[in-house]
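*Asks:* To start, I am sharing the structure in question, which I have written as structure tokens.
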Amino acid sequence: ITVLILFPTTLIQAQEKGYTDGYIVTLDNDTTHGQVKSKNKVMSCNSVVFISEGGKKEKYAPKEISAYSKTGKIYKSFKIPQSLLTKHAFMQEVVHGEINMFVYYYQRQNNGVSVNDDDMGVDMVLVEEYYIQDASTAIVKVSQTSFKSQMSELLADESELAAMILNKEYRYDDLKEIIELYNENRKK
């Protein structure tokens, strides 16, 4: 009887402290349900705090699990090449289909002078990077500077869509719509 009383109490306490229903997926592809701590966009890409249904609380880095979910959003772990290093990070899946689209959030220091005296001159900006993945390729960062050529090549099997990208009818800011349209067309 004690176990039955402690188990619901642990879940209620977790929900009160900013946790929501979710799950983690291990590197062996096993899914464990429980509670996931809600964090901001940047923190959600760096780690996850998870309380299993048994009440065990653990913090996971992206290289320790393959995915997690909270509030209906799925975050998958990937290696991101950065300059000379490779970093593991969670990316939020924003489109799922033949081509998957992910967003990676991080902060970097703004090169401009801060207008806020409270932060002692350090002005941080939120950066969003978009990545896509299909069954035949590794995850690829979508470049703003070479968007037309990169995307028209990747989507060449949908010639009308590729032409619309080359003709600037679709731009970088339309990426989610482009991927959704591509996936819908491939279902037909």
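Final position of the sequence shown in my numbering is 174; the numbers increase by one with none missing. For glycine and all other residues, C-beta sits at the position ideal for the given N, C-alpha and C.
1) Would you kindly work out how many angstroms separate the C-alpha atoms of Tyr116 and Met110, rounded to a whole number?
2) Between the C-alpha atoms of Asn102 and Gln95, what's the straight-line distance to the nearest angstrom?
3) DSSP has Asn86 in a bridge; who is on the other side?
4) From this set, Ile60, Gln130, Arg172 and Asn171, which residue's C-alpha is nearest Asp160's C-alpha?
5) Taking 9 Å as the cut-off, decide whether the C-beta atoms of Tyr5 and His19 are in contact.
6) How is Ala148 classed by DSSP in three states: helix, strand or coil?
7) How would you label Lys124, buried or exposed, when you count the other beta carbons within 10 angstroms and need 16 or more for buried?
8) Decide if Asn26 is buried, meaning its Cβ has at least 16 other Cβ atoms within 10 Å, or exposed.
9) Going by the beta-carbon positions, is the gap between Phe36 and Lys45 smaller than 9 Å?
10) From this set, Arg172, Ser63 and Val113, which residue's C-alpha is nearest Gln93's C-alpha?
11) Who are Glu44's beta bridge partners in DSSP?
*Replies:* Per the coordinate set shown:
1) Here residue 116 refers to the residue found at position 130 when the sequence shown is read from its first residue. Here residue 110 refers to the residue found at position 124 when the sequence shown is read from its first residue. Their backbone Cα atoms lie some 19 Å apart in a straight line.
2) Locating residue 102 in the sequence shown gives position 116, where the first residue counts as 1. Locating residue 95 in the sequence shown gives position 109, where the first residue counts as 1. Low confidence applies here, because Asn102 scores a pLDDT of 48, under 50, leaving its location unreliable and the question unanswered by this model.
3) Sequence index remark: in the sequence shown, residue 86 carries index 100 (1-based). Asn86 pairs with Gln119.
4) Along the sequence shown, one-based indexing puts residue 160 at 174. Ranking Ile60, Gln130, Arg172 and Asn171 by Cα distance to Asp160 puts Gln130 first.
5) Counting from 1 along the sequence shown, the entry for residue 5 is found at position 19. Counting from 1 along the sequence shown, the entry for residue 19 is found at position 33. No. Outside cutoff.
6) Position 162 of the sequence shown holds residue 148. Note: Ala148 maps to helix in three-state DSSP.
7) For the purposes of this step, residue 124 is taken as residue 138 along the sequence shown, with counting starting at 1. Note that residue 124 is Ala in the sequence shown here, rather than Lys. When all chains shown are included, Ala124 counts as exposed.
8) The residue given as residue 26 occupies position 40 in the sequence shown. It is exposed - the Cβ of Asn26 has fewer than 16 other Cβ atoms within 10 Å.
9) Numbered from 1 along the sequence shown, position 50 holds the residue referred to as residue 36. Numbered from 1 along the sequence shown, position 59 holds the residue referred to as residue 45. The Cβ-Cβ distance between Phe36 and Lys45 falls below 9 Å.
10) Locating residue 93 in the sequence shown gives position 107, where the first residue counts as 1. Measuring from the Cα of Gln93, the nearest candidate turns out to be Val113.
11) Locating residue 44 in the sequence shown gives position 58, counting from the first residue. Glu44 pairs with Phe36.
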